[in-house]
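Quick notes on the structure that follows.
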Amino acid sequence: NDFTCHTQVGAEWATFSQAANFNGVAEGGTFSYAIIDDPTQIPGADVADWGIRSAVASANTPAGAGSWCKILKFDIDATTPSEFRIGIMAGNANNVNWNPSGLRVSVDGGTPAAVTNLVDTIGQANMVFFDVDLNGATSGTFTIEAQRRAATQGASLAGVTFDATSAVTFPDGALALDQKTLSLTLVAPDTSINGTINALYLAGAGATDVEIVSAEADTGFSASYVGSTLGTANTNEAITVSFDNATVGLANGESTNSTLVVTWTEVGSGVTNTSEAALDVTYVNVPSSLALAPTSLSLVLNAGDAGTNGTIAASLVAGTLSTDVEVVSVSAGSGFSAAPTSFTLDTGTPAADITVTFTDPGGLAHDDVVSSSLVVVWTEAGSGVTNTANAALDVTYNDPPDLTEVWTIGIDFGAVVAGNNWNHISVGGNATTLGLDSDEQEVNPDSVGIADLGRLSDGTATGVGFTLVNSTGQIAWDFAGGTDGDGGLIEAAGADVYGDGLISNDQASRVTVSGVDFFLITFTGLDDNLTYGFVSGWDHDNANFDTRWNVYSDNGFTNVTDTFLTDVTGGDNEGYGSFSGLTSSGGELYLGLTGDGGAAQIVLAALTLTAYQEPVTAIGAMGVGVISGGTQVVLSWQGQAGASYGVEATDNLVTGTWTGINTGIAGLDGMLSVTNDITADQQFFRSYVEE
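In the numbering used here, the protein residues as written are 37 to 727.
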């Protein structure tokens with residue numbers, strides 16, 4: 037809201053509204069101001085103004101010369117003219133100290149517009165006018181304040197005026213519209229909507245009536261009114277503005293606009309005038325639609341399976357009218373199929389599952405990927421318009437080469453102490469004293485070293501080491517019970533093995549804290565060229581034993597934070613861990629086990645680690661070099677330990693036959709080479725991996 041202001045001493049044209057119209061404003065002196073244009077001529081009648089809904093005033097606080105005192109507050113509403121003038125009479129017939137030294141007005145707590153250094157007048161009012169432009173606002177709270185001249189006396193107002201400042205062609209009467217714009221929103225299923233703009237009577241000196249000649253609008257808009265005469269007996273006439281979409285045909289989200297033109301005349305003048313307001317309407321009719329989730333589906337087809345399938349959900353996205361959505365067809369290509377192929381979604385059945393199936397066409401190799409799209413054709417019932425929704429599909433064929441087991445080791449936690457089924461091997465503690473907590477281990481990272489590390493199958497695990505850190509701050513025992521903890525190697529590991537293991541138990545039954553209480557396992561001396569499978573055989577339905585396995589890329593957990601639980605690559609929440617395809621880095625592999633949920637114990641049992649050699653399935657480019665003299669050729673290629681290679685030769689790539697010239701070449705991790713005699717003017721060679 038904008039203000040401009042000016043001052044003058046003496047009366048200016050205005051309609052005065054006396055202080056009695058404002059609750060809480062104390063009237064001083066012997067005057068009873070009413071409707072007034074000349075402050076020296078005081079009529080006795082009161083006036084009801086157009087915009088006041090509430091008012092308060094306090095002229096005595098805060099104290100102190102120069103302080104600003106709130107005199108009155110008033111609210112405006114939609115009936116207020118868009119531009120008006122506030123006129124403030126400040127003066128006192130008896131005491132200059134009651135005259136304010138400044139006046140100011142603000143709206144909704146905003147920056148006030150102020151006039152200061154008013155003249156000292158006794159018996160003659162300071163007239164201060166503030167011109168207000170509402171800029172389209174239809175509500176607001178105005179506050180008028182006066183500045184005190186004396187510390188011991190408050191400021192006073194002699195009166196306040198409110199006047200419309202719109203130009204009036206004829207001084208005896210005019211018409212103005214209460215708002216410059218009217219915006220409507222038409223929501224389906226309605227096809228028409230109404231709004232109201234008020235025509236306001238502006239009385240001049242002669243208070244002549246104003247006659248509405250017409251109210252018109254176009255582009256689907258129309259206007260109507262009941263009475264056409266405005267005057268002192270009828271100061272307001274409601275003009276109904278209507279919009280009918282049947283004549284325009286707006287679609288969802290579309291808008292149109294027009295102008296309301298009200299033609300009027302001052303009775304007896306013979307001259308017509310117009311007042312205008314901008315009109316606009318937006319039509320809202322959001323159609324019902326269909327959504328797919330997920331929008332991409334990835335499947336895995338394992339070798340030996342005839343096919344694989346997954347599910348995509350089709351859901352109704354209800355529009356303004358909640359119309360049904362009819363699925364006309366569902367299709368997919370490249371070996372994919374989908375069912376059902378047609379169905380209807382409505383408020384009673386807002387979702388349906390689409391089963392996507394891929395059937396093995398044969399001839400796929402490991403890691404081959406087949407891609408396609410699910411195409412759902414649908415229509416909003418009754419619209420006659422078809423739409424499509426799509427989801428990306430792919431399937432990966434899984435037929436990994438057989439791995440060669442190199443060795444398997446089992447972890448045993450030692451025999452029980454005589455007379456005690458619980459063989460204590462805690463970190464830095466004993467049967468009654470807790471082992472080192474995580475803070476102590478940061479300084480002195482002691483760990484349980486298992487010396488009895490052996491093999492369960494043929495192969496070698498030379499140099500492989502195993503350590504265990506107990507960061508639970510609790511006692512750790514060998515959970516042997518009877519003869520299971522006899523120091524022998526573990527012979528099997530599975531989800532139901534209840535055998536030799538290690539338990540971290542709190543005698544006070546303190547619940548473990550995930551990521552803080554944990555066992556950390558480190559394997560060292562591993563071959564980074566091998567892959568590993570790890571199994572822990574503990575499993576139990578009791579929630580006290582719920583734990584979570586994790587695999588990590590580095591040994592950074594002597595001071596475990598929440599990061600401990602972020603790099604999960606396998607396992608579940610019941611303590612049984614089964615991981616495959618693990619790799620070591622720098623010969624080291626790290627696994628952790630922590631409490632989960634309300635667990636009070638962390639348990640390790642039946643631990644095995646198996647190393648696997650991946651078969652060689654490809655050979656890189658072959659290098660060819662002719663030995664000086666041109667009688668021999670040297671063939672070389674990148675080899676791999678554990679593989680066996682052969683070399684074949686032919687004289688013609690089109691009609692020739694490949695003949696083996698070298699077999700049983702032992703592989704190694706590095707370059708392999710063989711030397712052969714050149715037996716023809718033209719000769720071709722190739723190497724291959726022997727079965």
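Note that the Cβ used here is the ideal one computed from N, Cα and C, for glycine as well.
Ranked by Cα distance from A313, the options T699, Q215 and P376 are led by Q215. For A239, the enclosing beta strand (DSSP E) begins and ends at S228 to A239. If the five residues before and after R185 are omitted, its C-beta is found closer than 6 Å to the C-beta atoms of N133 and S137, all from its own chain and listed in chain order.
Positions of the beta strand (DSSP E) runs, each at least 3 residues long and wholly inside the segment 246-319, are given as 246-252, 257-260, 272-280 and 291-302 in order along the chain. Per the coordinates, the alpha-carbon of I180 lies some 10 Å from the alpha-carbon of I122.
Pairing S311 with V303 gives a Cβ-Cβ distance that is not under 9 Å. When the five nearest sequence neighbours on each side are left out, the beta carbons in the same chain lying within less than 7 Å of the beta carbon of A716 are those of D687, in order along the chain.
The DSSP-derived three-state label of V132 is helix. Secondary structure at N153: coil, using DSSP grouped into helix, strand and coil. M125 counts as buried, since no fewer than 16 other beta carbons sit within 10 angstroms of its beta carbon. Your pair V143 and V164 does not check out as a contact, with CB atoms roughly 16 Å apart and the cut at 8 Å. With fewer than 16 other beta carbons inside 10 angstroms of its own, D156 counts as exposed.
The Cβ atoms of A329 and I348 sit closer than 9 Å to each other. Looking at the DSSP output, V669 shares a beta bridge with V662 and N712. If the five residues before and after A282 are omitted, its C-beta is found closer than 8 Å to the C-beta atoms of T227 and S228, all from its own chain and listed in chain order.
V364 and S351 do not touch by the CB rule: their CB atoms are close to 17 Å apart, not below 8 Å.
Put simply, the segment 351-360 does not touch the segment 397-410. Fewer than three CB pairs are less than 8 Å apart. For G659, the number of other beta carbons within 10 angstroms of its own is below 16, and it is reported as exposed.
Ranked by Cα distance from T301, the options A269, G371 and A210 are led by A210. Note: K106 is bridge-paired with E181 in the DSSP secondary-structure output. Contact check for A253 and T295: beta-carbon distance about 7 Å, within the 8 Å limit, so the pair qualifies.
Y261 is positioned such that its CB atom lies no closer than 9 Å to that of T244. According to the DSSP secondary-structure assignment, V412 is paired through a beta bridge with V366 and A425. T711 is positioned such that its CB atom lies closer than 9 Å to that of L671. Comparing C-alpha distances from G692 to each of E684, V366 and N698 shows the shortest one belongs to E684. Comparing C-alpha distances from S373 to each of T393, L381, T380 and S620 shows the shortest one belongs to T393. A direct Cα-to-Cα measurement between T699 and L689 gives close to 21 Å. Excluding sequence positions up to five before and after G369, its CB lies within less than 6 Å of the CB of S408, all in the same chain and listed in chain order. About 7 Å separates the Cβ atoms of D563 and A647, confirming a contact at the 8 Å cut-off.
Taking a C-beta distance under 9 Å as the contact criterion, A259 and A251 qualify as a contact pair. Taking the CA atoms as reference points, V413 sits about 53 Å from Q676. With fewer than 16 other beta carbons inside 10 angstroms of its own, L704 counts as exposed. E273 sits buried, since 16 or more C-beta atoms from the chains shown fall within 10 Å of its C-beta. Around the beta-carbon of E726, fewer than 16 other beta-carbon atoms lie within 10 Å, marking it exposed. Residue burial annotation: W694 is exposed, with fewer than 16 other C-beta atoms found within 10 angstroms of its C-beta.
Burial of T583 is indicated by the presence of at least 16 other C-beta atoms within 10 angstroms of its C-beta.
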